[in-house]
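In order, the protein sequence lines correspond to chains F and U. Numbering of the first sequence is given in this note's numbering, commencing with residue 1 and proceeding in unit increments. Numbering of the second sequence is given in this note's numbering, commencing with residue 1001 and proceeding in unit increments.
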Amino acid sequence: DQQVKQNSPSLSVQEGRISILNCDYTNSMFDYFLWYKKYPAEGPTFLISISSIKDKNEDGRFTVFLNKSAKHLSLHIVPSQPGDSAVYFCAASKETSYDKVIFGPGTSLSVIP
Amino acid sequence: EAGVVQSPRYKIIEKKQPVAFWCNPISGHNTLYWYRQNLGQGPELLIRYENEEAVDDSQLPKDRFSAERLKGVDSTLKIQPAELGDSAVYLCASSLHLQTQYFGPGTRLLVL
């Protein structure tokens, strides 16, 4: 049973446009959410996070939105750049065990020049 | 500052053979994780160490997998004997307690 879902395996966006990556979760106990980015032949790298007490967190071109009632979060990248082409993993954890992070299957983003 | 180091980067073995992966975490990071990532999926936790103690190994298939973290620094993950289904990328990560995890590049294992 997948607790963190990313229903779009891939996404293509034109350079300069907005990229929106979606994530849904099933466990209402999750209260901390993260996005990781992964280039080929490298390990995932932390991108941005959000706590359940917030509904938005912004860091430069990256913004994460959280809708707790819908158990949904999204990552917005504006403007998208070719270097953003990577696999993006959504992840979640519980306050009682922040070290136990559950990852989604990932969405492969291609930014077309 | 050096990141998480893993070796080897790639390994090809025949089924029933043993294999071992090594991880050197970021200096000062007391928490170390081993993950397995199958094709098209996200990383799945196998085992987590706090210093030299395995505090979560509930997802580690203990009949064939073993891990150790002597002296609370480097760690080794072993599979014996390997099966075809063990083909995956094995990722090591480290963190300070309850902080962001930093991943190594992974070891890509192919079992023939």
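Positions of the beta carbon are idealized from the N, C-alpha and C atoms, including for glycine. As the structure is a prediction and not an experimental result, all values here were calculated from the model.
In the DSSP assignment, what are the bridge partners of residue i?
i, result
"U/E1044", "U/R1036"
"F/V78", "Answer by DSSP bridge pairing: none, since F/V78 is not bridged."
"F/L73", "F/C23, F/L66"
"F/I48", "F/W35"
Near residue i, which residues of its chain fall below 8 Å by C-beta distance, leaving aside the five closest residues on each side in sequence?
i, result
"F/S49", "Y32, F33, L34, W35, N57, V64"
"U/V1055", "R1048, Y1049"
"U/P1081", "K1015, K1016, Q1017, P1018, R1064"
With DSSP collapsed to three states, give me the class of residue i.
i, result
"U/K1011", "strand"
"U/L1070", "helix"
"F/D84", "helix"
"U/L1077", "strand"
"F/D24", "strand"
"F/L11", "strand"
"U/D1056", "strand"
"F/D59", "strand"
"U/L1098", "coil"
"U/L1112", "coil"
Please compile the residues from chain U whose C-beta is within a distance smaller than 8 Å of the C-beta of residue i.
i, result
"F/V101", "L1045, Q1101"
Keeping to the same chain, check which residues put their C-beta closer than 7 Å to that of residue i; ignore five residues upstream and five downstream.
i, result
"F/F103", "V4, F89, A91"
"F/M29", "K94"
Looking at residue j and residue i, is the spacing between their C-beta atoms short of 8 Å?
i, j, result
"U/L1112", "U/V1019", "no"
"F/S12", "F/S80", "no"
"U/L1075", "U/E1068", "The sequence given here has Ser at residue 1075 of chain U, not Leu. Yes; because the gap between Cβ atoms is below 8 Å, this pair is in contact."
"U/Y1090", "U/R1048", "no"
"F/D1", "F/K71", "no"
"F/G43", "U/F1103", "yes"
"U/Q1017", "U/T1107", "no"
"U/E1052", "U/G1072", "yes"
"F/L66", "F/D55", "yes"
"F/E15", "F/I77", "no"
"F/S10", "F/D84", "no"
"U/L1032", "U/P1043", "no"
"U/D1030", "U/A1088", "Sequence inspection shows Asn at residue 1030 of chain U; the Asp mentioned does not correspond to that position. No."
Taking C-beta pairs closer than 7 Å, name the residues in chain F that residue i reaches, listed in chain order.
i, result
"U/Q1041", "P105"
"U/G1104", "G43"
Output needed for residue i: all residues of its chain with C-beta closer than 6 Å, excluding positions within five of it in sequence on either side, in chain order.
i, result
"F/L21", "L75, Y88, T107"
"U/Q1101", "A1093, S1095"
"U/Y1084", "In the sequence as presented, Tyr is not what sits at residue 1084 of chain U; that position holds Leu. Here the set comprises K1015, V1111."
Could you work out which residues of chain F lie near residue i, taking near to mean beta carbons separated by less than 9 Å?
i, result
"U/L1091", "G43, P44"
What residues from chain U crowd round residue i, counting only those whose CB sits closer than 7 Å?
i, result
"F/F89", "G1042"
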